[in-house]
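Chemist: Please read through the structure below; I'll follow up with questions.
Number of protein chains: 2
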Amino acid sequence: MTHIRTARLSGVGVGPGDPELLTLKAVRLIHGADVVFAPVRRPGDRSLSLEIVAEHVDERRQRVVTVPFPESQDGESWDAAARRVADELGPDRHGVFLTEGDPLLFGSFGHVAAIVRTLRPDLEIEIVPGVSSVTAAAAAAGVALADYQDRLAVVPATAPHDQIERALVDFECVVLLKVGRVLGELLALLERLGLVERTVYVRRCGWPDQQVVTDVRALIPSPPRDYFALLIVRRR
Amino acid sequence: MTHIRTARLSGVGVGPGDPELLTLKAVRLIHGADVVFAPVRRPGDRSLSLEIVAEHVDERRQRVVTVPFPESQDGESWDAAARRVADELGPDRHGVFLTEGDPLLFGSFGHVAAIVRTLRPDLEIEIVPGVSSVTAAAAAAGVALADYQDRLAVVPATAPHDQIERALVDFECVVLLKVGRVLGELLALLERLGLVERTVYVRRCGWPDQQVVTDVRALIPSPPRDYFALLIVRRR
Chain A
1 MTHIRTARLS
11 GVGVGPGDPE
21 LLTLKAVRLI
31 HGADVVFAPV
41 RRPGDRSLSL
51 EIVAEHVDER
61 RQRVVTVPFP
71 ESQDGESWDA
81 AARRVADELG
91 PDRHGVFLTE
101 GDPLLFGSFG
111 HVAAIVRTLR
121 PDLEIEIVPG
131 VSSVTAAAAA
141 AGVALADYQD
151 RLAVVPATAP
161 HDQIERALVD
171 FECVVLLKVG
181 RVLGELLALL
191 ERLGLVERTV
201 YVRRCGWPDQ
211 QVVTDVRALI
221 PSPPRDYFAL
231 LIVRRR
Chain B
1 MTHIRTARLS
11 GVGVGPGDPE
21 LLTLKAVRLI
31 HGADVVFAPV
41 RRPGDRSLSL
51 EIVAEHVDER
61 RQRVVTVPFP
71 ESQDGESWDA
81 AARRVADELG
91 PDRHGVFLTE
101 GDPLLFGSFG
111 HVAAIVRTLR
121 PDLEIEIVPG
131 VSSVTAAAAA
141 AGVALADYQD
151 RLAVVPATAP
161 HDQIERALVD
171 FECVVLLKVG
181 RVLGELLALL
191 ERLGLVERTV
201 YVRRCGWPDQ
211 QVVTDVRALI
221 PSPPRDYFAL
231 LIVRRR
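If you read the protein sequences in the order shown, they are chains A and B. If you use our numbering, the first sequence closes out at 236, no skipped numbers anywhere. If you use our numbering, the second sequence closes out at 236, no skipped numbers anywhere.
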């Protein structure tokens, strides 16, 4: 009789920052994993997702592998990340791949999973959703995103200007992500559209230094450039 | 010396159905609450959110109050729901108000909170985000919602037809919620736009009878009418 030993990979959303926003399932899988993959923006950086789950990881018992996470869509660097994951997961090994927020909403686990699947068709892949920074920021700001027939658009601030404007004009609620470098331009656009009073700024949502600014006009003279910042624009 | 006794209300997202998708914070607050408010669609219905958290509620120790939840925007029924909540929370009492998914993304806690705030300005109100059915359905289907410059639109299937079509033509990803009664029409629209092959149907996400249909063309002859169903349309 042969015991079939399957390797497993779980893409796990760890929420926006607050360790208490981990799901029970994330905690169980992280605790039981042989290998914990933690993405980092640049080699040598600390991993924010690893920081979020720190109290559930035991480095004496578990292997922790940091994986540099390409900022671009560059196929080659995705290949390297996926190969790193595939190489670690021998028979009967279980890996968790951490992502801030949710794995499939700007969490990029989709790319890793797609390549790992071709490299290792034997691997069982599971995805565990997490609390997204979109809803966490709304909770922090006390702003309802959508109800009834409202439509919500989630748009990266790096999208073309005309796409952002179209969403702002059309949707009841727009969340603009990663506003860091372009906050000044966005505030000017919101002013032109008469939406500044309907906008909330949330920075470093879920972290101890989280900041919610409801009077965003005050940001116009000197817009902060924090990468982990978003705007919620509520038209009604 | 006076001990200031503050009443507290926490709007808590309990995720889409799977009890393991509760956050640690939700579990802690539910466990510590004096009163658990559980919305129901119609008086006498069982509460889905209460079912999700059942193992964390102790009815011998905690008071459980079901609150009929208006399906419409009718102000009067919201008033009744909010008054019910306010009346239960005497000094030093802590209530949790459960919502499926997330409290502020079609979770309607915004309405309750707004009215409770006027009735009881002394009450401390906190909102705890939860895993949304949007990201949970994507995880179940293994479909990435958005990455890099992609834009995501979340649109109730009850929105006007032209708004739905505009989102489908413009956005890289569209999630159509509550497709129950109009699934047939939506499938016809998706066929006309050449998007049927790019669509996934997810029903009862997170519940034991969850169903994921990747070949949605098969649904066209006899579209199911399940209320808790959504479509994910991924243009690229």
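Backbone N, C-alpha and C define an ideal beta-carbon position, used for all residues, glycine too. On a predicted model such as this, the values are computed, not experimentally measured, just so you know.
In three-state DSSP terms, what is Phe228/A?
Modeler: DSSP places Phe228/A in coil when its eight states are reduced to three.
Chemist: Would you please state the rounded distance, in angstroms, between the beta carbons of Val131/B and Pro208/B? I believe it to be under 8 Å.
Modeler: Their Cβ separation, rounded to whole angstroms, is 17 Å, which puts Val131/B and Pro208/B out of contact at 8 Å.
Chemist: For Ala144/A versus Gly110/B, is the C-beta spacing smaller than 8 Å?
Modeler: Yes, Cβ-Cβ distance for Ala144/A and Gly110/B is below 8 Å.
Chemist: Which residue from Thr214/B, Val128/B and Leu231/B puts its Cα closest to that of Leu176/B?
Modeler: Looking at the Cα atoms, Leu231/B is the closest of the given residues.
Chemist: For Ser49/A versus Thr99/A, is the C-beta spacing smaller than 8 Å?
Modeler: Contact: yes.
Chemist: Note down, in chain order, each residue of its chain lying with its Cβ closer than 7 Å to the Cβ of Glu172/A, except the 5 sequence neighbours on either side.
Modeler: Excluding positions up to five away in sequence, the list reads Ala146, Asp150, Arg151, Arg235 and Arg236.
Chemist: At 7 Å on the CB atoms, spell out the chain A contacts of Gly142/B, in chain order.
Modeler: The contacting residues are Ile127.
Chemist: Bridge partners of Glu124/A, per DSSP?
Modeler: The partner list for Glu124/A (beta bridge, DSSP) reads Arg8/A.
Chemist: Under a three-way DSSP split, which group does Thr99/A fall into?
Modeler: Residue state, collapsed to three classes: strand.
Chemist: Does Ala218/A pass the burial test, meaning 16 or more other C-beta atoms within 10 Å, or should it be called exposed?
Modeler: Exposed.
Chemist: Are three or more beta carbon pairs between the segment 175–191 of chain B and the segment 211–229 of chain B nearer than 8 Å?
Modeler: Segments in contact, yes.
Chemist: Three or more beta-carbon pairs under 8 Å between the segment 51–60 of chain A and the segment 79–86 of chain A, yes or no?
Modeler: The segment 51–60 of chain A is not in contact with the segment 79–86 of chain A.
Chemist: Helix, strand or coil for Val169/A? Go by DSSP, reduced to three states.
Modeler: Val169/A: helix per DSSP, three-state reduction.
Chemist: Identify every run of the alpha helix (DSSP H) within the segment 172–203 of chain B, keeping only runs that are complete inside it and at least 4 residues long; order them along the chain.
Modeler: List check, alpha helix (DSSP H) in window: 183–192.
Chemist: For Ala144/A, name the three-state secondary structure that DSSP assigns.
Modeler: Three-state DSSP puts Ala144/A in coil, outside helix and strand.
Chemist: Buried or exposed for Arg181/A, going by 16 or more other Cβ atoms inside 10 Å?
Modeler: Arg181/A comes out exposed.
Chemist: At least one CB of chain B closer than 8 Å to the CB of Gln210/A: is that the case?
Modeler: No - not a single Cβ of chain B is within 8 Å of the one on Gln210/A.
Chemist: Apart from the five residues just before and just after Met1/B, which ones in its own chain have a Cβ nearer than 8 Å to its Cβ?
Modeler: Bear in mind that the predicted position of Met1/B carries a pLDDT of just 49, short of 50, making it unreliable; the figure below should be weighed with that in mind. Once the five neighbours on either side are set aside, Met1/B has no close Cβ partner at all.
Chemist: Exposed or buried, Arg203/A, counting other C-beta atoms within 10 Å across all chains shown (16 or more means buried)?
Modeler: So Arg203/A counts as buried.
Chemist: So is the beta-carbon of Ala159/A under 7 Å away from any non-hydrogen atom of the ligand PLP?
Modeler: Although the ligand PLP was asked about, the structure shown includes no ligands whatsoever.
Chemist: Output needed for Val179/A: all residues of its chain with C-beta closer than 7 Å, excluding positions within five of it in sequence on either side, in chain order.
Modeler: Excluding positions up to five away in sequence, the list reads Ala157, Leu186, Ala229, Leu230 and Leu231.
Chemist: Going by DSSP in three states, Thr135/A sits in which element: helix, strand or coil?
Modeler: Helix, per DSSP.
Chemist: Would you kindly check if the distance between the Cβ of Leu24/A and the Cβ of Ala136/A is under 8 Å?
Modeler: No; because the gap between Cβ atoms is not below 8 Å, this pair is not in contact.
Chemist: With a threshold of 8 Å between beta-carbons, can Val151/A be considered close to chain B, or not?
Modeler: Note on residue identity: the sequence assigns Arg, not Val, to residue 151/A. Judged by the 8 Å Cβ criterion, Arg151/A is in contact with chain B.
Chemist: Given Arg63/B, which residues of its chain have a CB within under 8 Å of its CB, disregarding the five upstream and five downstream residues?
Modeler: If we look at Arg63/B and ignore the five residues flanking it on each side, its Cβ neighbours are Asp34, Val35, Val36 and Glu88.
Chemist: Going along the segment 54–72 of chain A in order, which residues come within less than 7 Å of chain B, judged by CB to CB distance?
Modeler: Per Cβ criterion, the list is empty.
Chemist: Just to check my reading of the structure: His94/B and Arg8/B have Cβ atoms closer than 8 Å, yes? What is that Cβ distance to the nearest angstrom?
Modeler: The Cβ separation is near 5 Å, so the contact holds.
Chemist: Which residues in chain A have a C-beta closer than 8 Å to the C-beta of Pro121/B? List them in chain order.
Modeler: Result: empty, since nearest Cβ-Cβ is about 14 Å, beyond 8 Å.
Chemist: Let's test the definition: count the other Cβ atoms within 10 Å of the Cβ of Pro160/B and tell me whether it reaches 16, buried, or not, exposed.
Modeler: The residue is exposed, with fewer than 16 neighbouring Cβ atoms inside 10 Å.
Chemist: Pull up the distance between the alpha-carbon of Ala153/B and that of Val154/A, whole angstroms please.
Modeler: For Ala153/B and Val154/A, the distance between alpha carbons rounds to 6 Å.
Chemist: Give the straight-line distance between the Cα atoms of Tyr148/A and Cys205/A, rounded to the nearest whole angstrom.
Modeler: So the alpha carbons of these two residues sit roughly 26 Å apart.
Chemist: Just verifying my parser: in three-state terms, what is the DSSP assignment at Phe109/A?
Modeler: Correct three-state label for Phe109/A: helix.
Chemist: Let me know the secondary structure DSSP gives Gln62/B once reduced to three states.
Modeler: Of the three classes helix, strand and coil, the one that applies to Gln62/B here is coil, per DSSP.
Chemist: Under 8 Å between the Cβ atoms of Leu29/A and Ser10/A?
Modeler: Yes.
Chemist: Alpha carbon to alpha carbon, how far is Glu191/B from Val112/A?
Modeler: Cα to Cα, the separation comes out at about 31 Å.
Chemist: Interface residues of chain A around Lys178/B at Cβ under 9 Å?
Modeler: Per Cβ cutoff of 9 Å: no residues; Lys178/B is ~10 Å from chain A at best.
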